[in-house]
Amino acid sequence: MPGIVIVGVQWGDEGKGKATDLLGERTDWVVKFNGGNNAGHTVVIGGEKYALHLLPSGILSPGVNAVIGNGVVIDLEVLFQELDALGARGIDTSKLRVSANAHVITHYHRTLDKVTERFLGKRQIGTTGRGIGPAYADKINRVGIRVQDLFDESILRQKVEAALDQKNHLLVKIFNRRAISADEIVEDLLSYADRVRPMVCDTGLLLNDALDRGEVVVFEGGQATMLDVDHGTYPFVTSSSATAGGAATGSGVGPNRLDRIVGIVKAYTTRVGAGPFPTELFDEKGEWLRKTGFEYGTTTGRLRRTGWYDAPITRYATRVNGITDLVMTKLDVLTGLDEIPVCVAYDVDGTRFEEVPVNQTDFHHAKPIYETFPGWSEDITGVRRFEDLPQTAQDYVLALEEMSNTRISVIGVGPARDAVIVRHDLVD
Ligand code: GDP
Ligand code: IMO
Ligand code: MG
Numbered sequence: 001m002p003g004i005v006i007v008g009v010q011w012g013d014e015g016k017g018k019a020t021d022l023l024g025e026r027t028d029w030v031v032k033f034n035g036g037n038n039a040g041h042t043v044v045i046g047g048e049k050y051a052l053h054l055l056p057s058g059i060l061s062p063g064v065n066a067v068i069g070n071g072v073v074i075d076l077e078v079l080f081q082e083l084d085a086l087g088a089r090g091i092d093t094s095k096l097r098v099s100a101n102a103h104v105i106t107h108y109h110r111t112l113d114k115v116t117e118r119f120l121g122k123r124q125i126g127t128t129g130r131g132i133g134p135a136y137a138d139k140i141n142r143v144g145i146r147v148q149d150l151f152d153e154s155i156l157r158q159k160v161e162a163a164l165d166q167k168n169h170l171l172v173k174i175f176n177r178r179a180i181s182a183d184e185i186v187e188d189l190l191s192y193a194d195r196v197r198p199m200v201c202d203t204g205l206l207l208n209d210a211l212d213r214g215e216v217v218v219f220e221g222g223q224a225t226m227l228d229v230d231h232g233t234y235p236f237v238t239s240s241s242a243t244a245g246g247a248a249t250g251s252g253v254g255p256n257r258l259d260r261i262v263g264i265v266k267a268y269t270t271r272v273g274a275g276p277f278p279t280e281l282f283d284e285k286g287e288w289l290r291k292t293g294f295e296y297g298t299t300t301g302r303l304r305r306t307g308w309y310d311a312p313i314t315r316y317a318t319r320v321n322g323i324t325d326l327v328m329t330k331l332d333v334l335t336g337l338d339e340i341p342v343c344v345a346y347d348v349d350g351t352r353f354e355e356v357p358v359n360q361t362d363f364h365h366a367k368p369i370y371e372t373f374p375g376w377s378e379d380i381t382g383v384r385r386f387e388d389l390p391q392t393a394q395d396y397v398l399a400l401e402e403m404s405n406t407r408i409s410v411i412g413v414g415p416a417r418d419a420v421i422v423r424h425d426l427v428d
């Protein structure tokens, strides 16, 4: 049962990093297949906290081979900063392999990300400003720079000049910024070429061979279903395929090699950046969730918007990804509430919607219809067996399981690696 995909169910920050780390001991390979350093995964191991952005979290497990797949956009400066930081803490990253087909984020992508957001004014997406959208736009527009281009200076120069041709008009005439010189970009990219070269290979071939040998490969998604460029709350999304299908296209393995699709879902909901969020709380309960759950962004330090659990979203994610198992994180955060509302359907201008509305305007107008569950006050952070949870906590989990059309296999009761209740094994 070797191909396991980890995907976010909601709007990110569900605890995907911790879930990958949890599988670490039984994993041979971990692959990042989408996004770039817009992600922020916090993993706590033995009291030590690690914050990863570009590297897959699985790299923290000794002996695991880490891969950055073709679907990722790489900021090379960030790559080496992260590798150096982990090296300084004694983590061996020598097994990292990077796809020759992954695209690189350059200075002009970061600049364009920031100026486009400023230009959008009130309509801005609230991106992480890391150049993600512009780098994917260039990829789709066929003017992107790939990692392999770094090894042929004349090709690299031609491609950078082609990419900058239009962008400089845009930067100077529309955005009132200075033009960026091709020399500056080429020089910067070439400065990483020697260091990245030994890591670069046909990662798709590597992964297919590993799967042929029966090794366990974990495909670690960044972002989440509701931020997916196709299936999320467009245009308030990221620019990559964050759903399970992206694991195949973003790493070069066939969809039939993905045996298990694990959705990571918080016991409540958060969102960073702009866009619709039906269960969002604007009162002291929302502030309480933020404080108790430490809901502050790992990447940009922004406050995360907070709200109650939204069952139609999990059902939607189950469908879109083909989720076989859910990992429900942060159940411990809800301890101390008298009652816990759960969104079971939406009211859209007087009409009841059981499922996520397909029409954007409807979703913007969707008001949650809540069912309320009794809470619990006992500390659950030390619980390791489902039946040892307070009855009301068990009932809460079982009710959400029923509404999600898939089983909740693991429950998170704290940030630490071992703070989990395993109901069904994720690797068997
Ligand atoms: P990711 O982007 O999906 O990997 O998630 P983040 O790392 O951005 O955010 C999840 C946060 O929740 C991290 O700080 C984790 O350490 C923390 N976390 C994960 N699982 C649990 C859990 O079950 N309980 C608590 N209290 N914290 C958790
Ligand atoms: P992880 O992997 C939460 C959000 C941004 C913004 C939108 C587009 O930690 O769950 P982008 O810079 O990607 O163009 O921004 O997507 N966003 C995330 N929100 N978690 C993430 O990653 C995110 N990555 C991007 O806040 O709203
Ligand atoms: Mg995160």
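Under full-length UniProt numbering, think of the first position of the sequence shown as 1, with each following residue one higher. Ideal Cβ placement from N, Cα and C applies to all residues, glycine included.
- If only complete runs of 3 or more residues are kept, the segment 197 to 269 shows the beta strand (DSSP E) at 217 to 220, 260 to 266, in order along the chain.
- Inclusion of residue 44 in the 6 angstroms shell around the ligand GDP follows from its C-beta lying nearer than that to a non-hydrogen atom of the ligand.
- If you look at residue 146, you'll find it isn't in any beta strand (DSSP E); DSSP assigns it neither H nor E.
- No Cβ-Cβ contact shorter than 7 angstroms links residue 93 with residue 218.
- Around residue 385, the same chain offers 421 as residues with beta carbons nearer than 8 angstroms, after the five sequence neighbours per side are excluded.
- At a threshold of 6 angstroms, residue 283 does not count as near the ligand GDP, since its beta carbon sits no closer than that to any of the ligand's heavy atoms.
- Under the criterion of beta carbons closer than 8 angstroms, residue 54 and residue 79 qualify as touching, at roughly 6 angstroms.
- Beta-carbon to beta-carbon, residue 129 and residue 113 are separated by about 5 angstroms, close enough to satisfy the 8 angstroms threshold.
- Contact between the segment 339 to 352 and the segment 300 to 317 is present: three or more C-beta pairs spanning the two stretches fall below 8 angstroms.
- Residue 59 has its CB no nearer than 6 angstroms to any heavy atom of the ligand IMO.
- Spatial neighbours of residue 316 in its own chain (CB-CB distance under 6 angstroms, excluding positions within 5 residues in sequence) are listed in chain order as 356.
- With contacts defined by Cβ atoms closer than 7 angstroms, residue 203 and residue 99 form a contacting pair.
- Residue 399 and residue 173 have their C-alpha atoms spaced approximately 56 angstroms apart.
- Note on the segment 353 to 423: whole beta strand (DSSP E) runs with a minimum of 3 residues are 367 to 374, 407 to 412, 420 to 422, in chain order.
- Between the ligand GDP and residue 16, a heavy atom-to-CB distance of less than 6 angstroms is present.
- Contact between the segment 27 to 39 and the segment 227 to 243 is present, with at least three C-beta pairs closer than 8 angstroms.
- Taking C-alpha positions only, residue 396 is separated from residue 249 by approximately 36 angstroms.
- Taking every protein chain shown into account, the CB of residue 65 has 16 or more other CB atoms within 10 angstroms, so this residue is buried.
- Residues of the same chain with a CB within less than 7 angstroms of the CB of residue 14, apart from the 5 flanking positions on each side, are 8, 224, 264, 265, 266, 329 in chain order.
- Two segments are said to touch when three or more pairs of C-beta atoms, one from each, lie closer than 8 angstroms; by this definition the segment 370 to 387 does not touch the segment 291 to 299.
- Of all alpha-carbon atoms in 404, 163, 365, 148, the one lying nearest the alpha-carbon of residue 140 is that of 163.
- Counting the other Cβ atoms within 10 Å of the Cβ of residue 70 gives 16 or more, which makes it buried.
- At least one heavy atom of the ligand MG lies closer than 6 angstroms to the C-beta of residue 298.
- Annotation: residue 160 to residue 291 spans about 45 angstroms, alpha carbon to alpha carbon.
- With contacts defined by Cβ atoms closer than 7 angstroms, residue 11 and residue 227 form a contacting pair.
- Between residue 147 and residue 207, the C-beta gap is not smaller than 7 angstroms, which leaves the two residues out of contact.
- In the three-state reduction of the DSSP assignment, residue 54 falls in the coil class.
- Rounded to whole angstroms, residue 424 and residue 232 show a C-alpha spacing of 29 angstroms.
- Straight-line measurement puts the Cα of residue 281 at about 20 angstroms from the Cα of residue 301.
- Not a single heavy atom of the ligand GDP lies less than 6 angstroms from the C-beta of residue 149.
- Straight-line spacing of the CA atoms in residue 369 and residue 428 works out to 38 angstroms.
- Along the length of the segment 281 to 366, whole beta strand (DSSP E) runs at least 3 residues long occupy 305 to 307, 325 to 329, 339 to 348, 351 to 353, reported in chain order.
- Residue 404 and residue 312 have their C-alpha atoms spaced approximately 8 angstroms apart.
- If you look at residue 155, you'll find it isn't in any beta strand (DSSP E); it sits in the alpha helix (DSSP H) that goes 153 to 169.
- Out of 3, 117, 5, 17, the CA that lies nearest to the CA of residue 415 is found in 17.
- Ranked by how close their Cα comes to the Cα of residue 273, the residues 117, 45, 358, 106 have 117 in first place.
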